[in-house]
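**Student:** Protein chains in written order, with my numbering: chain A, 233 to 833; chain B, 233 to 833. Think of the CB as a built atom: it goes at the ideal place given N, C-alpha and C, for glycine as much as any other residue. Pasting a structure below so you can have a look.
Number of protein chains: 2
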Amino acid sequence: MVIYNPPVKDYEFLFNEVFDIIPTIQKLGYEEMDSDFLTMLMEGWADHTTNFWLPINQLGDKIGIRYEDGLIKSPKEFRDAYHKGVDSGWLSTSCKEEHGGMGVPVFFQAVTWAEFGTATNMALSVLPALTTGVYEVLTEHGDEHLVDYFAPEIGKATWAGTMCLTEPHAGTDLGMISTKAIPREDGSYSVSGTKIFITYGEHDITENIVHLVLAKTPDAPEGTKGISLFLVPKYLPSEWKTGTLEGISTSLRKEVNGISCSGSEEKMGLHASPTCVINFENSIGWRVGDLHNGMPLMFQMMNRERLATGMMGIGLAEIAYQNALSWVKDRRQGRDLNGIKDPNHKADNILVHPDVRRMLLEAKVNNEGCRALASWTGLLLDQIKSEDNKESERAQALLDLFTPIVKAHFTDLGCETVSTCMQVMGGAGYCSEYGVEQFYRDVRISKIWEGTNGIQALDLAGRKITQNMGKNLRYLLWPLTKFIEDNREIPEMEEFNKPLYQGVKGLQQLTLLMISQGQTNPHFLAAGATDYCRYFGNVLLAYMWAKISKTSLEKRGTPFYDAKISSSRFFFDRIFPETLALGAKIQSGHKSMMNYPEEMF
Amino acid sequence: MVIYNPPVKDYEFLFNEVFDIIPTIQKLGYEEMDSDFLTMLMEGWADHTTNFWLPINQLGDKIGIRYEDGLIKSPKEFRDAYHKGVDSGWLSTSCKEEHGGMGVPVFFQAVTWAEFGTATNMALSVLPALTTGVYEVLTEHGDEHLVDYFAPEIGKATWAGTMCLTEPHAGTDLGMISTKAIPREDGSYSVSGTKIFITYGEHDITENIVHLVLAKTPDAPEGTKGISLFLVPKYLPSEWKTGTLEGISTSLRKEVNGISCSGSEEKMGLHASPTCVINFENSIGWRVGDLHNGMPLMFQMMNRERLATGMMGIGLAEIAYQNALSWVKDRRQGRDLNGIKDPNHKADNILVHPDVRRMLLEAKVNNEGCRALASWTGLLLDQIKSEDNKESERAQALLDLFTPIVKAHFTDLGCETVSTCMQVMGGAGYCSEYGVEQFYRDVRISKIWEGTNGIQALDLAGRKITQNMGKNLRYLLWPLTKFIEDNREIPEMEEFNKPLYQGVKGLQQLTLLMISQGQTNPHFLAAGATDYCRYFGNVLLAYMWAKISKTSLEKRGTPFYDAKISSSRFFFDRIFPETLALGAKIQSGHKSMMNYPEEMF
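What follows is the structure in structure tokens.
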């Protein structure tokens with residue numbers, strides 16, 4: 233029996249006490265948002281996911297989707313749960329009210345929604361998450377007739393969305409895609425090509441599926457600069473014949489729009505989430521955004537999905553932790569090394585063993601630290617839309633910087649944490665009954681999709697650091713060094729502030745090294761990127777723990793805040809020291825890998 | 233299509249050039265063993281496993297075993313492959329010729345056999361591995377009538393063996409087992425109780441299954457000191473009525489010996505290997521070894537299985553590496569950051585990317601380093617039987633020290649490496665077609681069974697280090713410090729010798745810290761045990777790489793030896809620095825975990 237208690241309390245602490253986000257959110261135009269309403273939202277979604285999503289998660293893993301003659305059949309329970317979500321509005325919280333959404337701030341959908349959703353049912357959660365991503369690109373960049381026609385359906389999640397990028401020979405290197413879009417006289421396009429690894433590319437959950445497809449127009453420039461973005465629905469409107477979609481009703485044709493699904497991958501986890509091969513054959517579509525400007529638009533959606541993927545790391549790590557802890561509480565083996573603790577039983581509870589505590593705290597502390605950084609990052613998603621240019625510029629700079637770290641570091645930690653929780657449970661962790669082995673399989677994809685974590689690291693080290701003349705990094709270092717300075721004279725902050733200071737100093741030195749060496753030899757920079765990204769992630773988490781400690785020190789004496797201070801100590805004692813190793817590895821450079829004789833791999 | 237090339241060449245290099253084991257093995261009574269014969273053995277087993285085991289590995293995962301009314305059905309292909317192994321002698325290489333075995337040295341079975349076997353079919357390999365373990369305990373400690381009766385069948389592997397330890401409430405803490413063995417008048421015992429997690433506890437592959445069962449006799453002392461070991465066959469001899477088994481034929485009764493299987497766990501991997509709940513109800517068995525001396529005997533088998541489990545880490549990591557590499561060789565994405573490398577193609581092969589090389593080398597270098605340490609450890613298994621007391625004492629001391637490290641560090645690295653190889657392949661790594669996702673699931677159990685890796689670490693730090701007044705460690709440090717001393721003046725050894733020296737110095741300091749602090753507060757020692765074990769593993773692998781470098785430097789100029797030197801550099805640049813983090817974590821002590829408020833987990 234898998235259990236889950238959504239961490240509403242921890243989010244209340246982060247949103248209200250650590251980041252004090254309500255005033256900021258209200259100034260951004262959400263005047264009705266206060267902390268009571270936020271709690272109500274979180275509790276509502278917590279109830280929905282634990283009542284309707286969690287109970288079918290193991291079933292989804294066991295039954296999975298069924299591919300038959302081009303169609304994908306989802307378990308009936310998944311269709312039902314999805315439509316319960318549509319009816320109650322939970323699948324489109326951040327979409328505008330005019331399009332049938334809840335119209336609440338983006339941070340809620342990007343952080344709390346994503347965590348509870350992926351924890352309780354990762355396979356189901358990706359469908360509305362993708363749909364929200366399509367909604368955002370469409371409403372921001374689509375022509376009026378496209379927005380008017382599609383946004384109300386996508387905004388309510390009655391129609392679902394996908395992103396179609398990868399082709400068999402073109403994954404990371406999208407410049408090589410060969411899907412073609414031929415302009416038609418009426419302004420629409422005829423799209424043809426094959427896309428692979430398309431999550432929910434085909435399914436029977438919604439009435440229509442709206443694909444965002446990367447394709448090249450005839451005579452487009454080589455590489456990524458020749459790519460445009462197209463909206464291609466599975467079913468065309470029955471009333472439509474030519475031209476725009478203005479004034480046309482949402483009733484759909486019976487025959488598909490030249491789109492077929494020729495298979496779904498058998499994979500290690502996420503069995504209830506189809507991963508499709510989708511073929512477009514003279515499918516009618518409309519361009520979204522400017523010609524040859526498809527990559528930046530798709531990247532807007534991709535970046536949102538990268539944050540969503542980071543949240544999968546936290547979500548699955550948290551539910552794994554809770555189930556491991558619940559198992560620990562019932563398990564008695566051996567005795568406290570300092571002497572029998574519980575003479576009424578033949579053995580003590582295994583929480584007496586330091587190594588069991590070490591594992592549980594690695595999980596708990598990583599989850600809580602990541603949740604703090606996620607909360608900050610979520611707020612940035614609302615702040616980039618601020619009418620105050622200074623605020624939006626700063627938010628965009630930090631968001632650019634944090635996105636690859638949230639994606640890569642959270643999913644690396646997520647996979648490690650689920651493994652640690654499995655380890656806590658011993659043989660039971662490996663058995664299907666207890667659920668953790670499913671989390672272990674499901675969470676593993678998060679390190680791969682939306683750009684592998686190696687690609688995230690290259691994005692950080694090779695692009696985000698130097699972008700805008702280094703402004704992204706400066707926007708972080710200003711408040712960070714000020715925080716360190718402000719706390720330098722506070723004795724009880726020293727144990728947190730000092731290692732944070734060391735970490736920031738180390739990060740600055742490594743950044744300089746990466747940039748200066750990278751100028752003459754880009755291999756140096758690329759060789760260190762993954763370790764640099766992890767180092768950076770550690771420093772951000774150190775900042776989070778120092779901030780949490782600051783807030784909690786003022787309220788010492790109640791278990792909640794005392795535990796936060798203890799968690800912070802554990803972080804600096806047992807997690808943060810990995811920066812020592814990472815720094816040394818980065819400094820060793822690229823030679824030991826690039827000089828390796830190629831024929832001897 | 234999963235590929236595999238058994239690393240025979242690497243073993244030849246290790247056995248013949250790095251460790252020069254033939255003279256030692258010949259002196260131990262295997263006069264006919266020379267390097268040609270050893271190669272022939274390795275190639276024979278390589279052929280057998282790649283021809284008969286590898287082709288059914290994915291099938292075994294997909295079909296799995298079937299539990300029905302107390303019986304376990306294995307896939308027919310598994311039964312056939314097993315019997316091909318019996319017929320050709322490959323399942324009992326280390327058993328004595330008089331019992332139908334090949335009679336070759338133990339190191340072959342423990343190292344090379346184990347690696348190729350687990351790589352090609354981990355689920356099948358555990359059956360003969362367990363059987364060999366039962367054979368060893370039986371022949372060394374069993375009464376003559378038991379040996380005469382069972383050893384020829386177990387030695388040929390026509391009958392299989394199991395180890396029955398765990399009970400629902402007693403896993404790590406075996407002192408709490410409640411299985412009972414009541415003495416019968418004829419010297420046999422009546423065994424009753426329930427055991428769980430029994431690998432191949434029931435199956436249809438062999439005619440009989442011989443269980444080694446831990447149980448307590450009436451009025452036995454509390455805890456582990458009251459445990460005895462019993463041999464309990466699934467089927468009793470049809471001719472037997474009472475007393476010993478002397479002179480009785482191997483024809484078996486039709487009815488089972490009070491043994492039933494009430495279920496098999498559904499689990500994440502190893503689907504073709506049953507994990508059974510086994511009930512004994514007045515089952516007839518015979519005691520093996522002295523009364524109340526069951527634990528040391530079971531530990532003899534357990535220690536062999538711990539080494540075998542460590543080899544699973546290497547085996548699965550090696551086959552994952554080979555398949556990731558094969559995928560890499562066909563994959564083109566992006567361009568070399570130093571400029572286009574292959575203008576004839578639209579993209580360069582991904583081996584041009586430093587991060588891809590980093591991942592592949594982490595896999596390759598860890599595999600080769602572990603294989604070296606495994607080779608040394610395997611030799612110790614033969615040396616402990618030496619008639620030269622000095623040699624056997626030294627070998628036993630080193631074996632005691634290495635066993636927890638081989639088990640924990642190799643399986644930790646194995647799981648990490650398989651994950652890294654999956655990462656190299658991106659989305660393909662997550663799909664079933666390519667095989668690596670099965671390795672990812674299968675290898676994960678290796679960190680759990682035969683004592684979790686946390687237990688291994690406690691065994692190392694809490695027992696093996698201080699055992700025999702610290703003699704185990706001294707037997708390692710003598711040759712190790714001599715090696716460092718001998719190479720101090722050799723300039724081209726400096727890059728390997730110097731970090732090795734630092735590592736050994738660090739290990740000595742940490743050992744002193746653990747022991748001194750541990751005396752007053754055992755929590756300190758237990759809190760650092762896992763990191764200490766990993767630190768120790770790193771130092772042993774550093775020793776291996778320094779030794780390999782020494783051998784290879786003399787033969788520089790051919791790709792094989794040049795690659796070894798490059799691998800060694802990669803090890804010291806990119807893997808060994810993790811000791812910096814581990815040392816800092818150990819020194820931080822136990823307080824951050826033990827002071828954590830219990831109610832706040």
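The beta strand (DSSP E) spanning residue 396 of chain B covers which residue range?
**Tutor:** Residues 391-396.
**Student:** List, in chain order, every chain B residue whose beta-carbon is nearer than 8 angstroms to that of residue 794 of chain A.
**Tutor:** Result: 829 and 832.
**Student:** So, is the C-beta of residue 310 of chain A closer than 8 angstroms to a C-beta in chain B?
**Tutor:** Cβ-Cβ to chain B under 8 angstroms: no for residue 310 of chain A.
**Student:** Mind checking the segment 566-584 of chain B against chain A and listing, in chain order, the residues whose C-beta falls within less than 8 angstroms of any C-beta there?
**Tutor:** So the close ones are 566, 569, 570, 578, 579 and 583.
**Student:** How many Å lie between residue 423 of chain A and residue 526 of chain A at the Cα?
**Tutor:** Using only the alpha carbons, I get a separation of about 14 angstroms.
**Student:** Where does residue 277 of chain A fall in DSSP's three states?
**Tutor:** DSSP places residue 277 of chain A in helix when its eight states are reduced to three.
**Student:** Name the residue from A/687, A/803 and A/675 whose alpha carbon lies nearest to the alpha carbon of residue 731 of chain A.
**Tutor:** The candidate whose alpha carbon is nearest that of residue 731 of chain A is A/803.
**Student:** Restricting to Cα atoms, I'd like to know which of B/271, B/822, B/253 and B/286 is closest to residue 551 of chain B.
**Tutor:** The candidate whose alpha carbon is nearest that of residue 551 of chain B is B/286.
**Student:** For residue 314 of chain A, tell me which candidate among A/399, A/343 and A/357 has the shortest Cα-Cα distance.
**Tutor:** For the residues A/399, A/343 and A/357, the minimum Cα distance to residue 314 of chain A belongs to A/357.
**Student:** Evaluate the contact criterion for the segment 528-547 of chain B versus the segment 652-666 of chain B: three or more CB pairs, one atom per stretch, below 8 angstroms.
**Tutor:** Because the criterion of three Cβ pairs below 8 angstroms is not met, the segment 528-547 of chain B and the segment 652-666 of chain B do not touch.
**Student:** Taking residue 444 of chain A as the reference, give the member of A/519, A/504 and A/310 with the closest Cα.
**Tutor:** Out of A/519, A/504 and A/310, A/519 has the C-alpha closest to the C-alpha of residue 444 of chain A.
**Student:** What residues match up with residue 508 of chain A in a beta bridge as DSSP calls it?
**Tutor:** Partner(s): A/430 and A/496.
**Student:** Which residues of the segment 746-765 of chain B have a Cβ closer than 7 angstroms to any Cβ of chain A? Give them in chain order.
**Tutor:** Flagged, chain order: 754, 755, 758, 759, 761 and 762.
**Student:** What whole-angstrom Cβ distance do residue 350 of chain A and residue 645 of chain A have, given they're in contact under 8 angstroms?
**Tutor:** At roughly 14 angstroms, the Cβ-Cβ gap does not stay under 8 angstroms, so residue 350 of chain A and residue 645 of chain A are not in contact.
**Student:** Say whether chain A places a C-beta atom closer than 8 angstroms to the C-beta of residue 290 of chain B.
**Tutor:** Chain A, which has no Cβ nearer than 8 angstroms to the Cβ of residue 290 of chain B, makes this no.
**Student:** Can you give the Cα-Cα distance for residue 765 of chain B and residue 743 of chain B, rounded to whole angstroms?
**Tutor:** Roughly 11 angstroms separates the two Cα atoms.
**Student:** Residues in the segment 376-408 of chain A with C-beta within 7 angstroms of chain B's C-beta atoms, listed in sequence order?
**Tutor:** Cβ contacts with chain B: 403, 404, 405 and 408.
**Student:** From the DSSP output, read off the bridge partner residues of residue 807 of chain A.
**Tutor:** Bridge partners of residue 807 of chain A: none, in fact.
**Student:** Using a cut-off of 9 angstroms between C-beta atoms, extract the partners of residue 680 of chain A located in chain B.
**Tutor:** Within chain B, the residues near residue 680 of chain A are 654, 655, 657, 658, 659, 661 and 662.
**Student:** Residue 606 of chain A by DSSP, collapsed to three states: which one?
**Tutor:** Residue 606 of chain A: helix per DSSP, three-state reduction.
**Student:** Measuring CB to CB, does residue 639 of chain A end up less than 8 angstroms from residue 541 of chain A?
**Tutor:** The answer is yes: Cβ separation under 8 angstroms.
**Student:** Return the chain-ordered list of same chain residues with a C-beta closer than 7 angstroms to the C-beta of residue 329 of chain B, the five sequence neighbours on each side being excluded.
**Tutor:** Closer than 7 angstroms at the Cβ level, and outside the excluded window around residue 329 of chain B, lie 335.
**Student:** Mind checking if residue 812 of chain B is an interface residue toward chain A, Cβ cutoff 8 angstroms exclusive?
**Tutor:** Interface residue, yes.
**Student:** Taking the continuous alpha helix (DSSP H) assigned at residue 901 of chain A, which residues delimit it?
**Tutor:** Nothing can be reported for residue 901 of chain A: it is not among the residues displayed for chain A, which extend from 233 to 833.
**Student:** Buried or exposed: which applies to residue 719 of chain B, given that a residue is buried once 16 or more other Cβ atoms fall within 10 Å of its Cβ?
**Tutor:** The residue in question, residue 719 of chain B, is buried, as its Cβ has 16 or more Cβ neighbours within 10 Å.
**Student:** Taking residue 576 of chain A as the reference, give the member of A/564, A/546 and A/569 with the closest Cα.
**Tutor:** Checking every option, the nearest Cα to that of residue 576 of chain A belongs to A/564.
**Student:** Whose CA, out of B/398, B/372, B/396 and B/774, lies closest to the CA of residue 387 of chain B?
**Tutor:** For residue 387 of chain B, the nearest C-alpha among the options comes from B/372.
**Student:** Once DSSP output is grouped into helix, strand and coil, what is the label at residue 696 of chain B?
**Tutor:** Three-state DSSP puts residue 696 of chain B in a helix.
**Student:** What's the C-alpha gap between residue 249 of chain B and residue 801 of chain B?
**Tutor:** The straight-line gap from Cα to Cα measures roughly 20 angstroms.
**Student:** Closest by CA to residue 419 of chain B, which one among B/729, B/375 and B/816?
**Tutor:** Looking at the Cα atoms, B/375 is the closest of the given residues.
**Student:** Does the segment 499-510 of chain A come into contact with the segment 641-655 of chain A, if we say contact requires no fewer than three beta-carbon pairs (one atom in each stretch) closer than 8 angstroms?
**Tutor:** Short answer: they don't touch.
**Student:** Could you name the residues of the same chain whose beta carbon sits closer than 8 angstroms to that of residue 704 of chain A, not counting the 5 residues immediately before and after it, in chain order?
**Tutor:** Closer than 8 angstroms at the Cβ level, and outside the excluded window around residue 704 of chain A, lie 629, 630, 632, 633, 696 and 697.
**Student:** Which residues of chain B have a Cβ atom closer than 8 angstroms to the Cβ of residue 822 of chain A, listed in chain order?
**Tutor:** Residues of chain B passing the Cβ test: 586.
**Student:** Assuming the contact rule is C-beta atoms closer than 8 angstroms, residue 587 of chain B and residue 690 of chain A should be a hit. Round their C-beta distance to whole Å, please.
**Tutor:** Residue 587 of chain B to residue 690 of chain A, Cβ: 7 angstroms. Contact.
**Student:** Would you mind giving the Cβ-Cβ distance between residue 606 of chain B and residue 687 of chain B, rounded to the nearest angstrom? I have them listed as a contact below 8 angstroms.
**Tutor:** That pair is no contact at about 20 angstroms.
**Student:** From the DSSP output, read off the bridge partner residues of residue 200 of chain B.
**Tutor:** Any question about residue 200 of chain B goes unanswered here, given that chain B covers just 233 to 833.
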